[in-house]
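Remarks on the structure that follows.
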Amino acid sequence: MPLSGNRQFNDTDSRLSKSIRAIGPLFAWWPEYRKSKVGVIGLIMVGIFIFAIILAPYIATHDPTFKDRDFMWKAPSFSHFFGTTAQGKDVFSQLLHSGQISLMIGVAAAGAVTAMGTIIGLIAGYFGGIVDEILTRIADILLVLPRLPLMLVLAAYLGPGMSTIVFVVVILGWTRIARQVRAQVMSCKQHTYVERAKSIGAGNFHIIWNHILPNVAGVVIANFVLECVTVIMLEAGLSFLGFGDPLHQSWGMMLFNAQNEGAFLFGAWWQWLPPGACIAVLGIAFSFIGNTLNDRFVLRLKNIKGGA
91 MPLSGNRQFN DTDSRLSKSI RAIGPLFAWW PEYRKSKVGV IGLIMVGIFI FAIILAPYIA
151 THDPTFKDRD FMWKAPSFSH FFGTTAQGKD VFSQLLHSGQ ISLMIGVAAA GAVTAMGTII
211 GLIAGYFGGI VDEILTRIAD ILLVLPRLPL MLVLAAYLGP GMSTIVFVVV ILGWTRIARQ
271 VRAQVMSCKQ HTYVERAKSI GAGNFHIIWN HILPNVAGVV IANFVLECVT VIMLEAGLSF
331 LGFGDPLHQS WGMMLFNAQN EGAFLFGAWW QWLPPGACIA VLGIAFSFIG NTLNDRFVLR
391 LKNIKGGA
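Residue numbers (our numbering): 91 to 398.
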């Protein structure tokens, strides 16, 4: 008898999941995504950055830490494509290796922010009541507080370093994603497949994992990509203000060093323009991808809801 009951539960659960699986695999977004020229351009741009950063040890023409006293503050040339710093370091080689740190911080912190915001949004939206009230009030308080000044205070208190930047970004950055996920969850849990899953004895974790999360996965992925933009910009800003890790050179630290060495004052544009341009271009590329994904996922979700 228990075996029969389990089989019945599995069969019913399989039928209930059909409406969710209508979204398709996560990679099913590509046929719709490629219709967006902006989205494809964003993918190509990010791909070029990743390709160059991965191959940095082979592409870089010089040791990024080597100080050539004979080539201090030299403009771009055939021997130094992007010129040299006030200490004689090759800017092109620094740019490639620093990109590894900037991208690593961006992806790691954005992943942590997305995970935290998704978990809080799922809990608040699904359980509601006092749990939702408490989490929502915390999010509202953090949203009201001025983000950048608070980040500066925390960074100054904790001290400079990559871990400080990631911690500060995660603690203060989860609210936007949590609110969006919460809104989607509150909409999804009203659907009949969730009510039927509850009626046959499915647990809360089972419902959230199998029925709610797949419906909000698209929004989560789009927000993760957009959060990469925010984190890369914030890391650059905090590093430029002196809260970066001097032992791990990022694009933000390159700007900080350019400021300290007087590149802005003495017109050595080749020391600050390349890292600044990389931050801006990579941010734009991630924005292209994130906005395109968001448009496509939200559109598919609306179509599925309309057909439910």
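We treat Cβ as the ideally placed atom computed from N, Cα and C, and that holds for glycine.
inquiry  = For residue 251 and residue 335, which I take to be in contact (beta-carbon distance under 8 Å), what is that distance rounded to the nearest angstrom?
reply    = Position 161 of the sequence shown, counting from 1, holds the residue named residue 251. Position 245 of the sequence shown, counting from 1, holds the residue named residue 335. A Cβ-Cβ separation of about 5 Å places residue 251 in contact with residue 335 under the 8 Å criterion.
ask   = Do you know offhand how far residue 220's Cα is from residue 227's?
value = The residue you call residue 220 lines up with position 130 of the sequence shown. The residue you call residue 227 lines up with position 137 of the sequence shown. Taking the straight line from one Cα to the other gives about 10 Å.
request  = Within its chain, find whatever has a CB closer than 8 Å to the CB of residue 185; leave out the 5 residues flanking it on each side and keep chain order.
outcome  = Walking along the sequence shown from the start, residue 185 turns up at place 95. The beta carbon of residue 185 sits closer than 8 Å to those of 172, 341, 344, 364, 365, 368, all from its chain and outside the five residues before and after it, given in chain order.
query = Looking at the structure shown, is residue 113 part of a helix, part of a strand, or coil, going by DSSP?
reply = The residue given as residue 113 occupies position 23 in the sequence shown. For residue 113, the predicted model reports a pLDDT of 43, less than 50, meaning its position is unreliable; a value from the coordinates is still stated below. In this structure, residue 113 counts as coil in the three-state DSSP scheme.
query = For residue 268 versus residue 210, is the C-beta spacing smaller than 7 Å?
reply = Here the question's residue 268 lines up with position 178 in the sequence shown. Here the question's residue 210 lines up with position 120 in the sequence shown. With respect to the 7 Å criterion, residue 268 and residue 210 are classified as neighbours on the basis of their beta carbons.
message = Give the list of continuous alpha helix (DSSP H) stretches no shorter than 4 residues that lie fully inside the stretch 278-352.
response = Fully enclosed alpha helix (DSSP H) runs of 4 or longer: 282-289, 294-297, 303-328, 341-350.
Alpha-carbon spacing of residue 113 relative to residue 330, whole angstroms = Residue mapping note: residue 113 aligns to position 23 of the sequence shown, counting from 1. Residue mapping note: residue 330 aligns to position 240 of the sequence shown, counting from 1. Legend: pLDDT at residue 113 = 43, less than 50; position of this residue unreliable, value from coordinates given subsequently. Near 43 Å, if we compare the C-alpha coordinates of residue 330 and residue 113.
query = Name the DSSP bridge partner or partners of residue 180?
reply = Locating residue 180 in the sequence shown gives position 90, where the first residue counts as 1. Paired residues: 174.
ask   = Taking all protein chains shown into account, do 16 or more other C-beta atoms lie within 10 angstroms of the C-beta of residue 308, making it buried, or fewer, making it exposed?
value = Position 218 of the sequence shown holds residue 308. Flag for residue 308 reads buried.
task = Give me the Cβ distance between residue 382 and residue 132, rounded to the nearest whole Å; I'm assuming they're in contact under 8 Å.
result = The count along the sequence shown starts at 1 and reaches residue 382 at position 292. The count along the sequence shown starts at 1 and reaches residue 132 at position 42. Right, their Cβ atoms sit about 7 Å apart.
query = Are the stretch 296-312 and the stretch 344-361 touching, with three or more C-beta to C-beta distances below 8 Å?
reply = The stretch 296-312 is not in contact with the stretch 344-361.
message = Using the three-state DSSP reduction, which class does residue 358 fall into: helix, strand or coil?
response = As a working note, residue 358 is residue 268 in the sequence shown. Three-state result, residue 358: coil.
message = Taking only three categories from DSSP, how would you classify residue 188?
response = Walking along the sequence shown from the start, residue 188 turns up at place 98. Residue state, collapsed to three classes: helix.
message = Considering just the uninterrupted stretch of the alpha helix (DSSP H) at residue 150, what are its terminal residues?
response = Taking the first residue of the sequence shown as position 1, residue 150 is located at position 60. Taken as a continuous stretch (DSSP letters only), residue 150 belongs to no alpha helix (DSSP H), as it is neither H nor E.
request  = Check residue 159 in the structure and name its three-state DSSP category.
outcome  = As a position in the sequence shown, residue 159 is number 69, starting the count at 1. It is coil, neither helix nor strand.
task = Could you name the residues of the same chain whose beta carbon sits closer than 7 Å to that of residue 111, not counting the 5 residues immediately before and after it, in chain order?
result = Locating residue 111 in the sequence shown gives position 21, counting from the first residue. Low per-residue confidence applies at residue 111: pLDDT is 44, beneath 50, and the placement is therefore not dependable enough to give any value.
task = Put residue 168 into one of helix, strand or coil per three-state DSSP.
result = Position 78 of the sequence shown holds residue 168. Residue 168: coil per DSSP, three-state reduction.
ask   = By DSSP, does residue 235 sit in helix, in strand, or in coil?
value = If you number the sequence shown from 1, residue 235 lands on position 145. Residue state, collapsed to three classes: coil.
inquiry  = According to DSSP, is residue 373 part of a helix, a strand, or is it coil?
reply    = Here the question's residue 373 lines up with position 283 in the sequence shown. In the three-state reduction of the DSSP assignment, residue 373 falls in the helix class.
ask   = The alpha helix (DSSP H) spanning residue 120 covers which residue range?
value = Against the sequence shown, residue 120 aligns to sequence position 30. In this chain, the alpha helix (DSSP H) harbouring residue 120 covers 120-123.
query = Between residue 177 and the rest of its own chain, which residues show a CB-CB distance below 8 Å, the 5 nearest in sequence each way excluded?
reply = To locate residue 177, count along the sequence shown from 1; it is residue 87. Excluding positions up to five away in sequence, the list reads 157, 162, 351.
Whether residue 447 touches residue 196 by CB criterion (7 Å) = With the chain covering only 91 through 398, there is no way to say anything about residue 447.
task = Verify whether the separation of the beta carbon atoms of residue 214 and residue 272 is less than 7 Å.
result = Here residue 214 refers to the residue found at position 124 when the sequence shown is read from its first residue. Here residue 272 refers to the residue found at position 182 when the sequence shown is read from its first residue. Taking 7 Å as the Cβ cut-off, residue 214 and residue 272 qualify as a contacting pair.
inquiry  = By the DSSP assignment, the alpha helix (DSSP H) with residue 263 in it spans what residues?
reply    = Taking the sequence shown and counting its residues from 1, one reaches residue 263 at position 173. 252-263 is the extent of the alpha helix (DSSP H) around residue 263.
key: CA-to-CA distance, residue 266 to residue 370, given in whole angstroms   = Residue 370 sits at position 280 when you count from the first residue of the sequence shown. Residue 266 sits at position 176 when you count from the first residue of the sequence shown. C-alpha of residue 370 to C-alpha of residue 266: approximately 22 Å in a straight line.
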